[in-house]
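Asks: In the working numbering, the protein residues as written are -7 to 183.
We put the beta carbon where it would ideally sit given N, CA and C, even for glycine.
Because the structure is a prediction, the values reported are computed rather than measured.
(1) Exposed or buried, what is residue 164 when buried is set at 16 or more other beta-carbons lying within 10 Å of its beta-carbon?
(2) Using the three-state DSSP reduction, which class does residue 21 fall into: helix, strand or coil?
(3) According to DSSP, what are the bridge partners of residue 180?
(4) I need the boundaries of the beta strand (DSSP E) containing residue 150, first residue and last residue.
(5) Does DSSP classify residue 56 as helix, strand or coil?
(6) Can you tell me which of 114, 55, 6 and 81 puts its alpha carbon nearest to the alpha carbon of residue 30?
(7) Do you know whose CA, among 132, 173 and 139, lies nearest residue 183's CA?
(8) Quick one: any contact between the segment 43 to 52 and the segment 91 to 100, if contact means 3 or more CB pairs under 8 Å?
(9) Please name the residue in 23, 129, 156 and 148 whose C-alpha comes closest to that of residue 142.
(10) For a test of the three-state rule: what should DSSP assign to residue 80, helix, strand or coil?
(11) Relative to the C-alpha of residue 21, which residue among 6, 75 and 89 is closest?
(12) Could you tell me the boundaries of the alpha helix (DSSP H) in which residue 120 lies?
(13) Please list the terminal residues of the continuous alpha helix (DSSP H) segment that includes residue 166.
(14) Within a Cβ cutoff of 8 Å, which residues of the same chain sit near residue -1, ignoring the five residues on either side of it in sequence?
(15) Roughly how many angstroms separate the alpha carbons of residue 168 and residue 118, rounded to a whole number?
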């Protein structure tokens, strides 16, 4: 098996042709960084491509029957719960093969670190992350594989949120929240 992570704006036709050839020889997943469907948010962190570009690349991969994993990030600057939920709802309707959910990390030496230190960028608490991630799972199709529920930065580089270093605790908190709220992946999915 092979997994290739890339940006949606790095898939011109010749690259798609090579990926198609690879997919004929072995199980292939192309992981696309989306983070958010909201272009205004993406411009703030200089993602470099719009949601329309993501959709074109997603469709091109789908037409070639290549397995697709979409990456989402919760807690991006200026995004509210409704924005993160809308991202999950729209991505769910695309029916990706897999999704990886991450949270915003503030790392030393980055522009975000300076903004965070100045108090201009809040980070999600563990409880907030657990609630929004559980709500997103309910919006995703039950057949979509959830390959990641959290991530962490390198401990020596991570400024915030430090709670993200305890991945097992975060995953367990999400599982408890799902059970407590009688929620499951796909519960609120609308095709």
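Replies: So, to answer that:
(1) Counting from 1 along the chain shown, the entry for residue 164 is found at position 172. Looking at its Cβ environment, which holds fewer than 16 other Cβ atoms inside 10 Å, residue 164 is exposed.
(2) Your numbering for residue 21 matches position 29 in the chain shown. In the three-state scheme derived from DSSP, where H, G and I count as helix and E and B as strand, residue 21 is classed as strand.
(3) If you number the chain shown from 1, residue 180 lands on position 188. The partner list for residue 180 (beta bridge, DSSP) is empty, contrary to what the question assumes.
(4) Position 158 of the chain shown, counted from the start, is the residue given in the question as residue 150. Unbroken beta strand (DSSP E) run through residue 150: 150 to 152.
(5) Translated into the one-based positions of the chain shown, residue 56 becomes position 64. Looking at residue 56 - three-state DSSP - the assignment turns out to be coil, as it is neither helix nor strand.
(6) Mapped onto the chain shown, residue 30 falls at position 38. Closest by alpha carbon: 81.
(7) Locating residue 183 in the chain shown gives position 191, where the first residue counts as 1. Checking every option, the nearest Cα to that of residue 183 belongs to 132.
(8) No, the segment 43 to 52 is not in contact with the segment 91 to 100.
(9) Against the chain shown, residue 142 aligns to sequence position 150. Nearest C-alpha to residue 142: 156.
(10) Position 88 of the chain shown, counted from the start, is the residue given in the question as residue 80. When secondary structure is reduced to three states using DSSP, residue 80 falls in the helix class.
(11) Along the chain shown, one-based indexing puts residue 21 at 29. Across the set 6, 75 and 89, the C-alpha of 89 shows the shortest separation from the C-alpha of residue 21.
(12) Here residue 120 refers to the residue found at position 128 of the chain shown. From DSSP, the alpha helix (DSSP H) with residue 120 extends over 118 to 131.
(13) In the chain shown, the residue the question calls residue 166 occupies position 174. Annotation for residue 166: the continuous alpha helix (DSSP H) segment containing it runs 159 to 172.
(14) The residue given as residue -1 occupies position 7 in the chain shown. Same-chain partners within the cutoff: 24, 25, 40 and 41.
(15) On the chain shown, residue 168 is found 176 positions in, with the first residue counted as 1. On the chain shown, residue 118 is found 126 positions in, with the first residue counted as 1. Residue 118 has its alpha-carbon roughly 13 Å from the corresponding atom of residue 168.
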